[in-house]
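S.K.: Handing you this structure, nothing more for now.
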Amino acid sequence: MSKPHPYYRLNPARSIHLVGLIDQDLVSRVTPHILKLQAQSRDPITVYIDSNGGQPLAAETILNVLRMTDQDGAEPCHIITAVTTKALSAAADLLSSGDYAVAYPHSLIHYHGLRTAEPNLLTAEYSSRLAAYLRQRNDQYALELAQKIDDRFSFRFVSHLSEYVTIRSQPGKQHLSDLDCFIEFIGGKLSPEGTEIWERAKQRHSRYAQLFYTVMRKVRSSSGPRARAKLEAFAIKAIADFEVKANKDNPRWSFRGGGIERLTEDFFLFNEYVTNFSGDRLQRWSADWGKIAVPADRMAEIDAIQDEQAKKTALESEIRSILEPLTAFFAALCHALQEGENQLTATDAYWLGLIDEVIGKDDLFCQRHIEEWDNEKGKQEDQPKELPETTGTGAGPSQD
Amino acid sequence: MGVSAVAEPKERRIERPVSSKREKEFRDAIERVYRRYGRDLSAFLRDVKKESELLKKG
Numbered sequence: 002m003s004k005p006h007p008y009y010r011l012n013p014a015r016s017i018h019l020v021g022l023i024d025q026d027l028v029s030r031v032t033p034h035i036l037k038l039q040a041q042s043r044d045p046i047t048v049y050i051d052s053n054g055g056q057p058l059a060a061e062t063i064l065n066v067l068r069m070t071d072q073d074g075a076e077p078c079h080i081i082t083a084v085t086t087k088a089l090s091a092a093a094d095l096l097s098s099g100d101y102a103v104a105y106p107h108s109l110i111h112y113h114g115l116r117t118a119e120p121n122l123l124t125a126e127y128s129s130r131l132a133a134y135l136r137q138r139n140d141q142y143a144l145e146l147a148q149k150i151d152d153r154f155s156f157r158f159v160s161h162l163s164e165y166v167t168i169r170s171q172p173g174k175q176h177l178s179d180l181d182c183f184i185e186f187i188g189g190k191l192s193p194e195g196t197e198i199w200e201r202a203k204q205r206h207s208r209y210a211q212l213f214y215t216v217m218r219k220v221r222s223s224s225g226p227r228a229r230a231k232l233e234a235f236a237i238k239a240i241a242d243f244e245v246k247a248n249k250d251n252p253r254w255s256f257r258g259g260g261i262e263r264l265t266e267d268f269f270l271f272n273e274y275v276t277n278f279s280g281d282r283l284q285r286w287s288a289d290w291g292k293i294a295v296p297a298d299r300m301a302e303i304d305a306i307q308d309e310q311a312k313k314t315a316l317e318s319e320i321r322s323i324l325e326p327l328t329a330f331f332a333a334l335c336h337a338l339q340e341g342e343n344q345l346t347a348t349d350a351y352w353l354g355l356i357d358e359v360i361g362k363d364d365l366f367c368q369r370h371i372e373e374w375d376n377e378k379g380k381q382e383d384q385p386k387e388l389p390e391t392t393g394t395g396a397g398p399s400q401d
Numbered sequence: 325m326g327v328s329a330v331a332e333p334k335e336r337r338i339e340r341p342v343s344s345k346r347e348k349e350f351r352d353a354i355e356r357v358y359r360r361y362g363r364d365l366s367a368f369l370r371d372v373k374k375e376s377e378l379l380k381k382g
């Protein structure tokens with residue numbers, strides 16, 4: 002029998018309700034309530050959401066208040082977000098920002114890019130600047146979304162490894178990589194609207210994967226440490242080469258005729274990709290998922306390495322080969338969600354890693370299942386069971 | 325929103341504050357599941373579902 006864990010359970014007794022428009026007025030109304038809950042204890046706070054969205058800045062303010070520490074430097078309260086009926090636009094963003102995000106099964110979740118209403122008459126210069134601004138903000142939101150849902154997306158990937166074995170056992174699919182299988186597996190789980198987003202993400206990914214792979218290879222081949230600006234200059238040169246090569250069959254293509262804008266986009270995209278590997282992400286991913294994500298035979302080889310530093314390096318190198326292509330696809334998905342109107346069911350949001358759990362859907366695996374599992378069984382067993390075959394073709398796109 | 329509000333894209337990284345205690349708890353939980361099921365988390369989920377159904381039947 003499982004034991005309920007407070008970090009994964011909705012608690013109406015310690016909750017706030019975000020209903021209606023998310024604006025400064027809502028911030029003013031909920032802030033005293035949040036502060037009271039925080040003063041009572043540092044236990045989790047449940048945030049119930051039923052909103053068409055509103056101002057991103059107001060949503061961010063609510064999130065910041067929810068994450069506040071106290072004068073003694075206490076840890077922020079764990080935030081459980083739950084959509085009851087609908088979470089659209091800024092409300093969808095708030096939902097995904099929860100430490101644990103839950104949806105009721107019939108709720109609606111809607112993502113789109115930033116929009117603005119202009120009171121003034123538009124000129125060509127103004128429109129051009131505004132378009133650039135909206136594009137930049139969409140890219141920034143895509144990056145922030147990626148950072149918020151990274152753990153969930155990784156969890157989807159590693160928790161269905163055995164399905165990839167099944168997919169590869171089908172005729173003509175033996176050569177598929179783990180990422181190829183993952184894309185096929187998730188694609189089969191989505192509603193028609195969810196499938197549309199997935200397809201857009203796939204299209205973006207084919208470009209991103211080539212760009213990241215080409216530029217990263219060139220940047221890595223540059224020897225020795227360099228100043229940041231020099232590394233950026235090197236990346237820009239590599240991107241320029243990439244674009245020239247990609248457009249070699251188009252005689253009308255030029256940097257002056259639109260190519261320079263693409264180069265700028267690519268540069269920020271590449272920067273975002275590199276940022277994803279900064280900090281301790283690789284180490285954290287290795288520690289969390291290393292044993293599960295790395296094929297058993299390869300893991301045994303790594304475990305046999307005596308030198309601890311060499312062992313760590315070998316594991317991180319293995320994880321990097323899984324994580325880099327997965328991250329490229331993940332980036333493509335986050336950008337696809339900032340493009341057009343994306344209406345999702347609760348189940349779609351689960352499969353896309355935007356939420357953790359759909360209430361009442363026991364067949365959708367979530368982190369709660371792991372932490373609430375009666376571990377007495379785990380303690381009795383020392384040896385892991387192995388998969389029927391090695392899944393180790395890496396996560397990268399297949400070469401065929 | 326006016327264009328005067330246009331700003332350079334900031335390079336900021338949103339860190340989800342995860343305490344080391346929470347991280348350890350979660351890793352320990354994964355480790356326990358791993359010891360029992362190895363890499364096959366689908367088998368783990370099947371057992372979780374079975375238990376859940378038994379619980380519903382009382």
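From first to last, the protein sequence lines stand for chains A and B.
Under our numbering, the first sequence has 342 at position 341, and the numbering climbs by one with no breaks.
Under our numbering, the second sequence has 349 at position 25, and the numbering climbs by one with no breaks.
Ideal Cβ placement from N, Cα and C applies to all residues, glycine included.
All values derive from a computational prediction rather than experimental measurement.
Tell me the residue span of the alpha helix (DSSP H) that contains VAL31/A.
M.R.: 25–41
S.K.: Under 6 Å Cβ to Cβ from THR346/A, same chain only, skipping five residues before and after it: list those, please.
M.R.: SER192
S.K.: Residues bridged to GLY55/A by DSSP?
M.R.: ILE23/A
S.K.: Grouping DSSP H, G and I as helix and E and B as strand, with all else coil, what is SER404/A?
M.R.: The structure shown does not extend to residue 404/A, since chain A is modelled only from 2 to 401, so the question has no answer here.
S.K.: Under a CB-based cut-off of 7 Å, is ARG363/B close to chain A?
M.R.: Proximity of ARG363/B to chain A, defined by a Cβ-Cβ separation below 7 Å, is satisfied.
S.K.: Answer with yes or no whether the minimum CB distance from LEU162/A to chain B is below 7 Å.
M.R.: yes
S.K.: Rounded to whole angstroms, what's the CA-CA distance from GLY379/A to GLU317/A? Just pull it up for me.
M.R.: Interpretation of GLY379/A is limited by its pLDDT of 48, a score under 50 that renders its predicted location unreliable; no figure is taken from the coordinates.
S.K.: Give every residue of the same chain whose Cβ lies closer than 6 Å to the Cβ of PHE366/A, excluding the five residues on either side of it in the sequence, and list them in chain order.
M.R.: SER160
S.K.: Run through DSSP, which three-state label would SER16/A get?
M.R.: strand
S.K.: Is ARG10/A close to the ligand ZN? I mean its beta-carbon at under 6 Å from any heavy atom of the ligand.
M.R.: Here there are no bound small molecules, and the ligand ZN is not part of this structure.
S.K.: Which residues, taken in chain order from the region 287–311 of chain A, show a beta carbon closer than 7 Å to some beta carbon of chain B?
M.R.: ALA288, ASP289, LYS292, ILE293, ALA297
S.K.: Unbroken alpha helix (DSSP H) runs of length 4 or more, entirely within the region 233–321 of chain A: which are they?
M.R.: 261–277, 282–294, 297–304
S.K.: Is the CB of ASP363/A under 7 Å away from at least one CB in chain B?
M.R.: yes
S.K.: Give the secondary structure of HIS161/A by DSSP, where H, G and I count as helix, E and B as strand, and everything else as coil.
M.R.: In this structure, HIS161/A counts as coil in the three-state DSSP scheme.
S.K.: Show which residues of chain A have a CB atom less than 8 Å away from the CB atom of LYS381/B.
M.R.: Within 8 Å Cβ-Cβ: nothing; LYS381/B doesn't reach chain A, min ~13 Å.
S.K.: Report the CB separation of ALA247/A from VAL216/A in whole angstroms; it is logged as a contact under 8 Å.
M.R.: Incorrect: roughly 12 Å between the Cβ atoms, too far for contact.
S.K.: Out of PHE330/A, LEU355/A, CYS78/A, ASP364/A, which has the shortest C-alpha to C-alpha gap to GLU185/A?
M.R.: PHE330/A
S.K.: With 7 Å set as the bound, which would you pick, yes or no: does the beta-carbon of LYS373/B sit closer than that to a beta-carbon of chain A?
M.R.: Among the residues facing chain A, LYS373/B is included, as its CB has a counterpart in that chain under 7 Å away.
S.K.: Can the beta-carbon of ALA230/A be found closer than 7 Å to that of LEU334/A?
M.R.: No.
S.K.: Do ARG363/B and LEU162/A have their CB atoms nearer than 7 Å?
M.R.: yes
S.K.: On the CB-based measure, 16 or more other CB atoms within 10 Å of its CB, does LYS37/A come out buried or exposed?
M.R.: exposed
S.K.: If you follow the beta strand (DSSP E) that THR215/A is in, where does it begin and where does it stop?
M.R.: Premise fails: THR215/A lies in the alpha helix (DSSP H), 193–222, not in any beta strand (DSSP E).
S.K.: Let me check one thing: in DSSP terms, what residues is THR346/A bridge-paired to?
M.R.: LEU109/A
S.K.: Using beta carbons (cut-off 7 Å, strictly below), is PHE235/A in contact with chain B?
M.R.: no
S.K.: I believe LEU338/A touches ILE198/A by the beta-carbon criterion, under 8 Å. Please report the beta-carbon distance rounded to the nearest angstrom.
M.R.: With 8 Å as the limit, LEU338/A and ILE198/A qualify as a contact, their Cβ atoms being about 7 Å apart.
S.K.: Are the region 92–112 of chain A and the region 350–367 of chain A touching, with three or more C-beta to C-beta distances below 8 Å?
M.R.: yes
S.K.: I'd like to know if ILE187/A contacts chain B, where contact means its C-beta is closer than 7 Å to some C-beta of that chain.
M.R.: no
S.K.: Specify the secondary structure class of GLU118/A as computed by DSSP and reduced to three states.
M.R.: This sequence places Ala at residue 118/A; Glu is not what is there. Coil, per DSSP.
S.K.: Under the rule that 16 or more other beta-carbon atoms within 10 Å means buried, what is HIS176/A, buried or exposed?
M.R.: exposed
S.K.: Going by the DSSP bridge assignment, what does TYR101/A pair with across the sheet?
M.R.: Paired residues: ILE81/A.
S.K.: Say whether the region 68–76 of chain A touches the region 114–128 of chain A, bearing in mind that this needs 3 or more beta-carbon pairs closer than 8 Å, one atom from each stretch.
M.R.: no
S.K.: Do ALA353/B and TYR361/B have their C-beta atoms within less than 7 Å of each other?
M.R.: no
S.K.: Do PRO57/A and ALA92/A have their C-beta atoms closer together than 7 Å?
M.R.: no
S.K.: Under 7 Å, do TRP352/A and ILE187/A count as touching if we go by C-beta distance?
M.R.: yes
S.K.: What residues from the region 350–374 of chain A come within 8 Å of chain B, judged by C-beta to C-beta, listed N to C?
M.R.: ASP363, ASP364, PHE366, GLN368, HIS370, ILE371, GLU372, TRP374
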